[in-house]
Amino acid sequence: MITEVKTPSRSYEVISKSGALCSLIPTLDKVARGSRIAIITDDKVDSIYKGRIESILGDAGYRFVKFVIKNGEASKNPETLFAFLEFMASEGITRSDCVLAFGGGVVGDLGGFAASVYQRGIKLIQVPTTLLAMVDSSVGGKTAVDLKAGKNLAGSFWQPFGVICDTDFTKTLPKDVFRDGCAEVIKYGVILDATLFERLKSGIDGCLEYAVTRSIALKRDVVEADEKDTGARAILNFGHTFGHAIEKLSRFEVSHGSAVAKGMLIASSAAGQLGISDLTDQIRGILLSYGFDLSCPYGASEVAIAAMSDKKRSGEAINLILPEKIGKCVQYPIKASELCSLLEACL
Ligand code: NAD
Ligand code: GLY
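Per our numbering, the very first residue in the sequence shown carries number 292; after that it's consecutive.
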C-alpha cells in the first residue's frame with residue numbers, strides 16, 4: 292500500500308505492508324540513486340536483523356556505512372547526535388548522500404535530526420521497526436533529541452524522502468513495545484476514525500496491515516493540513532498531555548504507550564465531566580482489552596503541575612484534546628487554575 296504525503300516542504304511515499312522492505316531499493320533508486328547511505332540503527336535491532344539492510348544495499352550496488360547506538364531513550368541526546376554527525380563527516384558523507392534510519396522512534400528521531408542538520412540537510416529514508424515508529428514517528432517530519440530539561444526539546448521539521456513500513460518487523464517486538472504502538476493506533480481511531488476503532492475492538496492481529504496503513508493515512512491528512520504543528524496537528528496529542536505528565540512523574544518508568552493509554556482515559560473522563568461526551572466506558576474497555584494498566588498512581592495536583600510544564604502549553608492555558616464522539620475530537624483550552632479541579636473529578 293502506498294500513501295502519498297504532500298507537504299509544503301516535501302512530497303514522499305510511505306509504503307506499508309508485510310514484505311515492504313523489498314521496496315527499499317526502488318525507493319532509493321527514485322530519490323537517492325548513486326548516494327552513499329549512512330545507516331543509523333540501534334544495537335538490539337542490529338543484532339536481530341544482522342546484515343539484512345547491508346546485504347540489500349550491497350546487492351544493489353549501494354555503498355554504505357553504519358553507525359550503531361545503544362537501544363533506548365537514553366541515547367536520544369545531543370552527545371549521540373554529534374557522535375553520528377562526526378561519524379558521517381569522518382566517513383566523507385556528502386550533501387548528496389542519504390541517512391537511512393533503521394529502528395524504532397529513537398533511531399528515527401535522532402537519525403532524522405542528524406539528516407536535517409548535516410551539511411544543512413541531506414536526504415533521509417525511514418525504515419521503522421516498531422509499531423509506534425510505523426504509525427507515528429516515521430511520518431510527518433518531526434525529529435528531535437532530548438535535553439536534560441526534558442524530552443524532544445531540540446529538534447527540527449525534516450520530512451523524509453521515503454518511508455518503508457514493513458509490518459513483518461513487528462514479529463520480533465517484545466509484547467510491551469508492540470502494545471505501546473497499539474495505544475497510538477487506538478488514538479487514531481478515537482480522534483479520527485470510528486471504523487478503525489470498531490475493527491480494533493476485535494484485536495489488531497487480524498488487521499495489522501490495515502491498521503498501520505489507515506493510521507498512516509490519518510496522520511498524513513493531519514500533517515498535510517498543518518505541517519509545522521501550529522494548529523490542527525495538535526489533535527495528535529490526544530492522551531499525550533496527561534500521558535507525558537505521567538511519564539515524567541514516573542521518571543520514564545511508565546512507558547510512552549502505557550502513559551498515553553492512561554492519558555486517553557483521563558481525557559475521556561474529562562470530556563465526560565465537561566459534558567462533551569460520555570465515552571469513558573468504551574475507551575476504558577478497548578484499552579483494557581489490549582492489556583493496558585490504566586491505574587494512575589499520581590494525584591490530581593501532581594498531574595496538573597506536570598501537564599502545565601509541557602512544552603505545548605501556551606501562556607497560562609493548556610490545550611486539551613477531548614473526544615466528542617468516536618472518530619471526532621475537539622480542542623479545549625483550559626486555564627491552569629481550572630485544570631487541577633477538573634482532574635480531581637477524573638482521577
Ligand atoms: P524505541 O526506538 O526505543 O524502541 C523500543 C525498543 O524496541 C528498543 O529497545 C528497540 O531496540 C527495540 N526494537 C525496535 N525494533 C525492534 C524489532 N523489530 N524487534 C525487536 N526489538 C525492536 O521506541 P519507540 O517506541 O519505537 O519510539 C519512541 C520514541 O519515538 C520516543 O523517543 C518518542 O519521543 C518518539 N516519537 C516521535 C514521534 C515523532 O513524530 N517524531 C512520534 C511519537 C514518538
Ligand atoms: N506525534 C505527534 C505529531 O507528529 O505531531
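The beta-carbon is built from N, C-alpha and C at its ideal position, and this holds for glycine as well.
Close beta carbons around residue i, own chain, < 7 Å, minus the five adjacent residues each side
i: Val468; result: Thr421
i: Gly618; result: Leu483, Asp484, Ala485 and Phe488
i: Ala523; result: Val513, Ala516 and Asp517
i: Gly431; result: Lys510 and Val514
i: Gly582; result: Arg470
i: Glu607; result: Lys626 and Ala627
i: Arg386; result: Gln410 and Ile413
Sequence-distant residues of its chain with Cβ nearer than 8 Å to residue i (five each side left out)
i: Leu376; result: Ala405, Val408 and Tyr409
i: Lys297; result: Glu515
i: Gln564; result: Leu633, Ala636 and Cys637
i: Val500; result: It is Glu, not Val, that sits at residue 500 in the sequence shown. Counting only Cβ-Cβ distances below 8 Å, and skipping sequence neighbours, we find Met292, Ser307, Lys308, Ser309 and Thr458.
Exposure label - residue i; buried when at least 16 CB within 10 Å
i: Leu438; result: exposed
i: Arg505; result: buried
i: Arg470; result: buried
i: Ser586; result: exposed
i: Ser428; result: buried
i: Asp484; result: buried
i: Cys637; result: buried
i: Ser493; result: exposed
i: Gly395; result: buried
i: Ser326; result: buried
i: Gln588; result: According to the sequence shown, residue 588 is Pro rather than Gln. Exposed: under 16 other Cβ atoms inside 10 Å.
i: Gly480; result: buried
i: Pro614; result: buried
i: Gly548; result: buried
i: Lys321; result: exposed
i: Ala380; result: exposed
CB contact flag (residue i, residue j, <8 Å)
i: Lys357; j: Thr332; result: yes
i: Gly554; j: Ile567; result: no
i: Val651; j: Ser307; result: Residue coverage of the chain in this structure runs from 292 to 638, which leaves residue 651 outside it and unanswerable.
i: Gly446; j: Lys433; result: yes
i: Asp334; j: Lys361; result: yes
i: Cys389; j: Leu415; result: yes
i: Thr532; j: Ser309; result: no
i: Asp472; j: Leu401; result: The sequence given here has Gly at residue 472, not Asp. Not closer than 8 Å, so no.
i: Ile384; j: Val418; result: no
i: Ala562; j: Leu556; result: no
i: Ile328; j: Tyr353; result: yes
i: Lys341; j: Val436; result: no
i: Tyr623; j: Gly453; result: no
i: Ile347; j: Phe393; result: no
i: Ala558; j: Ile612; result: yes
i: Ile339; j: Thr463; result: yes
i: Val284; j: Gly363; result: The chain is shown only over 292 to 638; residue 284 falls outside these bounds and no answer can be derived.
i: Ile316; j: Ala351; result: yes
i: Ala474; j: Ala552; result: yes
Close beta carbons around residue i, own chain, < 6 Å, minus the five adjacent residues each side
i: Ile482; result: Ile526, Phe529 and Cys620
i: Ser300; result: Gln450
i: Leu630; result: Ala595
i: Thr294; result: Val305, Ile507, Ala508 and Arg511
i: Leu634; result: Ala591, Val594 and Ala595
i: Ala550; result: Gly534, Ile537 and Glu538
i: Met425; result: Pro419, Cys456 and Val503
i: Leu391; result: Ile328, Ile330 and Ile416
Short CB-CB distance (under 8 Å) between residue i and chain B
i: Pro588; result: Within the model displayed, chain B is absent; a lone protein chain is all it includes.
contact_flag[the region 518-526, the region 542-554] where n(CB pairs < 8 Å) is 3 or more: The region 518-526, when compared against the region 542-554, does not touch it at the 8 Å Cβ threshold.
Meets three-Cβ-pair contact criterion under 8 Å: the region 473-489 and the region 595-602: Touching, no, given that fewer than three Cβ pairs across the two stretches are closer than 8 Å.
Exercise answer, beta-carbon shell around ligand 2 heavy atoms below 6 Å: Ordered along the chain, residues surrounding ligand 2 are Asp427, Gly431, Lys433, Asp520, Arg524 and Leu527 [Cβ under 6 Å from any heavy atom].
The region 430-445 touching the region 572-583, judged by at least three CB pairs closer than 8 Å: Counting Cβ pairs under 8 Å, fewer than three are found: no touch.
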